[in-house]
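Numbering (the working numbering), first residue to last: 7 to 224.
Inspection log for the structure reproduced underneath, given as structure tokens.
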């Protein structure tokens, strides 16, 4: 399968679930979809660290483009469901009445084939120093990547954990007038307004400067 060249994806949301939502963006006015094809879905999963490189390489070699593109369509469907949920509930506490909206997500999660393994601590990061007071082993969840559809599972899992572990009052959409990016505001005083200063923040500063300059000239 041939890869489609796209700019580097955004990982600015402080949570992988919202980064997944931000795979559709309009940073420079033109819409970019990092899930617009099966190969690009696999590329994004790899860059996001949400699936093992070895498994993604295997799927690239084994599945055809039609099947891979169909998988990307399912990922986009999940993303747009999540967008609707976030748009409805962002900025306010979640309550139990929202549970009825999670059927689609739970159906995907029910297909998971996780299993625990005991592993040697520091196995995944040989450069990290091991605390000698810690046990030499740790409990690690693995996944059987039996079919291409299992690639939807880390996406669903990220969303599920996000819904259960974060305060929705801190979920915000960028204040850029044409921006559609979301983020989790983890700033100390919850005063974050922009997806990034490099894009929307600087645009807002430039617009404010032009407005002040025009006002002084009047």
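The C-beta atom is built at its ideal place from N, Cα and C for all residues, glycine as well.
Check: Sub-8 Å separation of residue 154 and residue 56 beta-carbons; Outcome: no
Check: Start-to-end residues for the beta strand (DSSP E) that takes in residue 165; Outcome: Premise fails: residue 165 lies in the alpha helix (DSSP H), 159 to 171, not in any beta strand (DSSP E).
Check: Under the three-state DSSP convention, the category residue 30 falls into; Outcome: strand
Check: Span separating the alpha-carbon of residue 139 from that of residue 128; Outcome: 14 Å
Check: Contact under 8 Å by Cβ, residue 27 with residue 78; Outcome: no
Check: contact_flag[the region 36 to 54, the region 65 to 81] where n(CB pairs < 8 Å) is 3 or more; Outcome: yes
Check: Option nearest residue 177 by Cα separation, candidates 72, 20 and 13; Outcome: 20
Check: Bridge-paired residues (DSSP) for residue 259; Outcome: For residue 259 there is no data in the structure shown, the boundaries of the chain being 7 and 224.
Check: Sub-8 Å separation of residue 162 and residue 100 beta-carbons; Outcome: no
Check: Beta bridge counterpart(s) of residue 124 as assigned by DSSP; Outcome: 145
Check: Integer Cβ distance of residue 190 from residue 16, believed to fall under 8 Å; Outcome: Going by Cβ atoms, the distance from residue 190 to residue 16 rounds to 14 Å, so no, they are not a contact pair.
Check: Cα-Cα separation between residue 54 and residue 165, rounded to whole angstroms; Outcome: 14 Å
Check: Reduced DSSP category for residue 25 - H, G, I as helix; E, B as strand; rest coil; Outcome: helix
Check: Range covered by the alpha helix (DSSP H) that runs through residue 63; Outcome: 59 to 68
Check: Residue 109: first and last residue of the uninterrupted alpha helix (DSSP H) it sits in; Outcome: 109 to 115
Check: Where residue 205 sits in the DSSP three-state scheme; Outcome: helix
Check: Contact set for residue 126: own chain, Cβ-Cβ below 7 Å, skip 5 residues either direction; Outcome: 142 and 143
Check: Own chain, CB closer than 7 Å to residue 147, minus 5 neighbours either side, in chain order; Outcome: 120 and 122
Check: Endpoints, alpha helix (DSSP H) assigned at residue 94; Outcome: 71 to 95
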